Each structure stands twice: as C-alpha cells, then as structure tokens.
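According to the numbering used here, the stretch in the sequence shown is residues 2 to 216, in order.
Each residue gets a CB set at the ideal place from its N, CA and C atoms; glycine is no exception.
Model, not experiment: these values are computed from the prediction.
Please read the structure below before turning to the comments.
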Amino acid sequence: MKQLFETSIQQSEENRKLREQIVENDHHNYFKINEEQNRASDARFKYDGDRLALEQARLEYDRMKLENTELKELAESIRDEYIGLNSQEKIYQDEFVRIENKLNSQKKKFNELTEIYIEVKQKNDILNKEREKREEIYKKRLEDAIEKRDNLKNFIDDVKNQQKEADEAVEAAKNKIEDLIFDRDRLDSEIQHLIQMKERRNEQQIQFNLLLNNV
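This is how it looks when you write it as structure tokens:
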C-alpha cells in the first residue's frame with residue numbers, strides 16, 4: 002500500500018507539470034493568433050489602397066481617352082478649314098485668269114482683282130503657317146498622350162499584380178488563423194480532459210486515503 006501511495010503522488014506531480022506545459026503552450030498560441038490577425042488586417046488595408054489607386058488610374062485613362070478624341074476632332078476641323086481655303090484660293094485664281102483674258106482693257110478692275118488675290122494669298126499663307134503650328138502641337142500632344150497611355154497601362158498592370166499578391170497574402174493569413182484556432186480548440190479539449198482526469202485522480206486519492214485510515 003505504501004508503494005501504491007507513492008506511485009499515486011508521483012503520478013499527480015507528473016499531471017501537474019503536464020498541465021502547466023499545456024497552459025504555457027496555449028498562452029504562446031494566443032499571442033501568435035493575435036500576430037497573424039494583425040498581419041491579415043495590414044494586408045486588407047493595403048488591398049483597399051491598391052483598389053483605390055486602380056480606380057484613380059482608370060479615371061485618368063478615361064480622361065486621356067476623351068482628350069485624345071477631342072484632339073482628333075480638332076485635327077479634322079483644321080484639315081477641313083485648310084481644304085476650304087485651298088478651294089477658295091483656286092476660285093480666285095480661276096476668276097483672275099478669266100478676267101485677265103476677257104477684260105484686258107479694264108486695267109483698273111484687273112488691278113483690284115490682283116490686290117484681292119494677293120490679300121487672299123497672304124491670308125492663306127498665314128493660315129497655312131498657323132495650321133502647321135497646330136499640327137505640330139497636335140503631334141506633340143498625341144505623342145504625349147500615347148506615352149501617358151503606355152505608362153498608365155504599365156501602372157495598371159503593376160497595381161493588378163500588387164492586388165493579386167495582397168489577395169494571396171490575405172488568403173494565406175486566413176488559412177493560418179484557421180489552423181491556429183483549430184489547434185487552440187484542440188488544446189482546450191485536451192486541457193478539459195486532463196482536468197477531468199485530475200478530478201477522478203483526486204477522488205481516487207481520497208478513497209485511497211480513506212482506505213488507509215480504515216486499515
């Protein structure tokens with residue numbers, strides 16, 4: 002009976018050490034779960050920021066597209082104006098030749114038409130120079146728009162990649178948290194089981210002590 006009593010005491014001591022170890026592990030896992038939850042929160046914040054940047058990039062792209070359309074319409078308007086001026090110049094040239102052939106005696110009227118022709122020609126030259134300047138401006142704006150479009154496309158691709166990485170990080174953190182919660186629940190179950198074992202051991206110890214007292 003003495004040996005049985007010593008064995009029971011030794012077993013109780015081992016159970017106490019085991020319970021302390023389980024409690025220590027559960028405390029460590031609790032802080033680890035908090036750390037993973039903080040990482041998941043940071044990843045979610047980064048995901049929201051990237052999504053906002055992507056929306057801003059899309060709006061900038063739409064604005065550039067609209068500006069490009071307006072520039073094209075301006076170029077077509079300039080081209081139509083240039084064609085109209087060329088047609089007008091041709092009309093005056095034909096009129097000048099016709100009057101010169103038919104009204105050689107009307108020198109005064111011929112001179113007036115010549116002055117009109119010179120004036121129109123000067124205006125046409127001015128408009129041609131202005132058209133060339135506008136074409137240069139349009140060309141430069143078009144090149145800038147193409148460059149901005151390409152840069153915007155690269156930026157959008159980068160944002161999409163970052164968003165994908167953020168989604169993967171969030172999913173990984175979520176899975177990690179679920180695993181840690183599962184481990185915590187399992188340890189809680191084991192602790193409850195050990196507590197029940199201890200209670201049964203205590204009852205056995207009481208019964209054993211009663212038995213010793215009766216002997």
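Minimum Cβ-Cβ distance from residue i to chain C less than 8 Å
| i | result |
| --- | --- |
| Asp184 | Protein chain content of the structure displayed is limited to a single chain, and chain C is not contained in it. |
Option in the options with minimal Cα separation from residue i
| i | options | result |
| --- | --- | --- |
| Lys122 | Leu86, Leu143 and Lys149 | Leu86 |
| Thr70 | Asn102, Asn125, Ala146 and Glu133 | Ala146 |
| Asn125 | Val160, Ile84 and Tyr139 | Ile84 |
| Glu148 | Ile192, Met65 and Asn203 | Met65 |
| Glu82 | Leu128, Ile192 and Ala174 | Leu128 |
| Ile79 | Lys103, Glu136, Asn105 and Phe183 | Glu136 |
| Glu56 | Lys161, Asp184, Arg187 and Lys103 | Lys161 |
| Arg132 | Glu77, Ile192 and Ala173 | Glu77 |
Integer-rounded CB distance, given that residue j should sit under 8 Å from residue i
| i | j | result |
| --- | --- | --- |
| Leu143 | Leu72 | 6 Å |
| Leu53 | Tyr139 | That pair is no contact at about 34 Å. |
Touch test, the region 94-102 against the region 113-133, Cβ-Cβ under 8 Å, three pairs minimum: yes
Three-pair Cβ contact test at 8 Å for the region 150-157 versus the region 61-75: Contact between the region 150-157 and the region 61-75 is present, because at least three Cβ pairs lie under 8 Å.
Stretch-stretch touch, CB-based, cutoff 8 Å, three pairs: the region 166-173 with the region 105-112: no
Contact between the region 176-190 and the region 74-93 (3+ Cβ pairs under 8 Å): no
In chain order, each beta strand (DSSP E) run of at least 3 residues that lies wholly inside the region 140-214: none
Residue ranges of each alpha helix (DSSP H) within the region 88-128, 4 or longer: none
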